[in-house]
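Student:
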Amino acid sequence: MKKLSILASLLIGVFAFSSCESDRDDNPTIDYNGAQQLEMLIPVIGQQTIDLQNSKSFEIKAKSSPNYGFPTAVKYGAQISLDSNFPENATYTLNGTSTSLNYEVLTSDVNKGLLTLRGVENMDGFLDAFTDQERSKGMPLYIRMTAKLVNAQSDDNRTFTTSNSVAINVLPFFVETKEVLPELWALTGGIIADGSWSNSRDQVGKGMMTMYVKADEVYSKSTGLGIIEYVGYFPAGEFKIIAPAGFGNWNYGMCGGNEVDGGHVYRDGGDDPGNIKITTAGHYTLTLNTELHTLKITPYEKDVKVFSKITIPGSHNGWNQVDGNEMTPVTTIAGGENHDWVTEITLSADSEVKFAADGAWDDNWGNAAFPFGIGTQNGANIKALAGKYKVFFNDITGAYFFSEITEE
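Heads up: the sequence shown begins at 46 in our numbering, then just goes up one per residue.
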């Protein structure tokens, strides 16, 4: 079973297209039809077989930028498939983006995508998935470019387009890949945690608030991307959601908009689109798709309890629910309402644990899953592995996360 290095899964000027009172008749209008005209050139490497193991990268290039009706910054990406038609369930999106017509494709990423498309998990699977000819001489693979306006709203895919597909020949190789755990983002702002607008990884649980996995959600084993969630009380005010790549630099994460009108934008290294605003204080559910960069904020309408204490009883401390491994409240701002808890815990041996409220068993949460999961009332014991952890827990959803602390 995998364990996570400390907060590792928290890791890795906006042009507004909405109308306003000061709109002018000469504002640019996006040509969505012209945006579909993206042509990828034949790679210089041509039909030469690309040895994915013994080469680093190769270059693909768009003939010209999509015509959106006016000059604007464009973000390019790339996808591969075994089918020239790129069916949705058989298309792999390569990591990274570029604002240049030239896109450097990492061969290690192509190989990882190819193994994923063929469903390879071990050497036996590799030998079964590829013929002798493919493993020794190479095989055809299709690649295409993608494009989207840099500053388009995260949930607006009207400017997203794909190019023609081009066939390349590649020589695959087997490499054992570790399963990537879900990628968790973090909240920060004047109405979050201690209100300090912290942005460093070590402040998660004090100046920042972690998001959690969502019940019944399936996450990509190769990228850790999927839908994550946070449920809690928000005073009126402002905050941001920081992506793993945004720790320490603010350049990546969800920004802008409010809980009524939406309008949230993914900041992808460009200018700051502004803060997310909560106009009416209350309990809200934040649902974030870390792959598509879309955010929804909806009222949480179930009854909510407020607890004064959360502990972690288990086999490691004789199931002491009164004062064993007491957790610290994360929300400490004036006017806040705490529902998130944090502590550090050392387990000298594999243990079974739960979360308990107010020194009793009336409210307790468990789930066999580890290092993260959704605990339920009187649920199964959490099967925790030996180690030192920073532990996060949300008492509304029962979501928890054990982040392993390792010596650097």
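No residue lacks a Cβ here, since even glycine has one placed at the ideal position from N, Cα and C.
Decide yes or no for the touch test of the region 403-414 against the region 211-227: beta carbon pairs closer than 8 Å, at least 3 of them.
Tutor: no
Student: Counting C-beta neighbours from all protein chains within 10 Å, is the total for V263 16 or more, i.e. buried, or is it exposed?
Tutor: Per the 10 Å Cβ criterion, exposed.
Student: Just to confirm my understanding: we take T207, look at its own chain, exclude 5 residues before and 5 after, and list those with CB closer than 6 Å. What are they?
Tutor: R189, T191
Student: So, is the C-beta of D407 closer than 8 Å to a C-beta in chain D?
Tutor: Absent from the structure: chain D. Only one protein chain is present.
Student: Is V351 near T324, with beta carbons less than 8 Å apart?
Tutor: no
Student: Could you name each continuous beta strand (DSSP E) segment of 3 residues or more that falls completely within the region 300-347, going from the start of the chain to the end?
Tutor: 310-313, 321-323, 327-334, 339-344
Student: Quick check on R246: does DSSP put it in helix, strand or coil?
Tutor: helix
Student: Pick from I378, L392, P374, A394: whose alpha carbon is nearest that of D385?
Tutor: P374
Student: Can we say the region 344-360 touches the region 389-403, given the rule of at least three CB pairs closer than 8 Å?
Tutor: yes
Student: Which residue wins for smallest C-alpha separation from M256, given the options W230, A394, N409, A107?
Tutor: W230
Student: For N202, tell me which candidate among L160, D440, K193 has the shortest Cα-Cα distance.
Tutor: K193
Student: Using the three-state DSSP reduction, which class does N17 fall into: helix, strand or coil?
Tutor: Examination of residue 17 is not possible in this model, given that the chain is present from 46 through 453 alone.
Student: In whole angstroms, what separates the C-alpha of L4 from that of A123?
Tutor: Given a span of 46 to 453 for the chain in the structure shown, any question on residue 4 remains unanswerable.
Student: Residues in its own chain within less than 6 Å of S210 by CB, not counting five upstream and five downstream?
Tutor: Counting only Cβ-Cβ distances below 6 Å, and skipping sequence neighbours, we find S129, Y187, R189.
Student: Which residues in the same chain have their Cβ closer than 8 Å to the Cβ of P132, if we skip the five residues on either side of it in sequence?
Tutor: S126
Student: Could you tell me whether the region 98-105 touches the region 142-155, where touching means 3 or more Cβ pairs closer than 8 Å?
Tutor: yes
Student: Could you check what DSSP says for L97 in three-state terms: helix, strand or coil?
Tutor: coil
Student: What first and last residue would you give for the alpha helix (DSSP H) that runs through T232?
Tutor: The displayed chain sequence assigns Leu, not Thr, to residue 232. Careful: L232 lies outside any alpha helix (DSSP H), inside the beta strand (DSSP E) at 231-234.
Student: Going by the beta-carbon positions, is the gap between A174 and G183 smaller than 8 Å?
Tutor: no
Student: Classify T74: buried if its beta carbon has 16 or more other beta carbons within 10 angstroms, exposed otherwise.
Tutor: exposed
Student: For the putative contact between M299 and L270, defined by C-beta atoms under 8 Å, what is the C-beta separation to the nearest angstrom?
Tutor: Your pair M299 and L270 does not check out as a contact, with CB atoms roughly 14 Å apart and the cut at 8 Å.
Student: Starting from K399, trace the alpha helix (DSSP H) in both directions and tell me its first and last residue.
Tutor: Premise fails: K399 is in no alpha helix (DSSP H) and is neither H nor E.
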